[in-house]
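Asker: I'd like to ask you about the structure that follows.
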Amino acid sequence: MAESGGACRIAFTNPATVQGTMKRLEAYAEAQGIPLRAEAVVADASLFEHLLQGREARYAEDTCAFLAGLTAADPAVPVAAAQLSMADAARKLQGQGARIIEPLSALQRHLAAW
Numbered sequence: 001m002a003e004s005g006g007a008c009r010i011a012f013t014n015p016a017t018v019q020g021t022m023k024r025l026e027a028y029a030e031a032q033g034i035p036l037r038a039e040a041v042v043a044d045a046s047l048f049e050h051l052l053q054g055r056e057a058r059y060a061e062d063t064c065a066f067l068a069g070l071t072a073a074d075p076a077v078p079v080a081a082a083q084l085s086m087a088d089a090a091r092k093l094q095g096q097g098a099r100i101i102e103p104l105s106a107l108q109r110h111l112a113a114w
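Residue 114, in full-length UniProt numbering, is where the sequence shown stops; the numbers in between run on with no holes.
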């Protein structure tokens, strides 16, 4: 996000996590002196219900479509998948050239530093 001047779309499938995540992101950016122009984008509520009801394949498929739509809308602005449950879909799209930030890589780097 720093590379794009703080501009980013933060994608969520679980609406219950938006407020807390955005507050933590804003506090982190402020502490680091990074300008932040992040927009939270929440998928239709039915998408996360697929995951809660054990329909992982449907969740993955719909999450890919959701993220692909966001990246296609403005390819210059990166999209960040906000939840670990979105990481596989984000990585799939990264493999296709989409500009998506996904949480699993950051977590892996953090754990590797321990």
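We put the beta carbon where it would ideally sit given N, CA and C, even for glycine.
Note that the coordinates shown come from a computational prediction; the quantities given were computed from them, not determined experimentally.
Could you check if Arg-109 is buried or exposed, using at least 16 other CB atoms within 10 Å of its CB as the buried criterion?
Answerer: With fewer than 16 Cβ atoms within 10 Å of its Cβ, Arg-109 is classed as exposed.
Asker: Provide the residue span of the alpha helix (DSSP H) that contains Val-41, from first to last.
Answerer: Here Val-41 belongs to no alpha helix (DSSP H); instead the beta strand (DSSP E) covers 37 to 42.
Asker: Can you round the beta-carbon distance between Ile-10 and Ala-82 to whole angstroms, since I take them to be within the 8 Å contact cut?
Answerer: About 5 Å; that satisfies the 8 Å criterion.
Asker: Across the stretch 63 to 71 and the stretch 33 to 40, are there enough close Cβ pairs to call them in contact, namely three or more that are closer than 8 Å?
Answerer: They do not touch, by the three-pair rule.
Asker: Buried or exposed for Pro-78, going by 16 or more other Cβ atoms inside 10 Å?
Answerer: So Pro-78 counts as buried.
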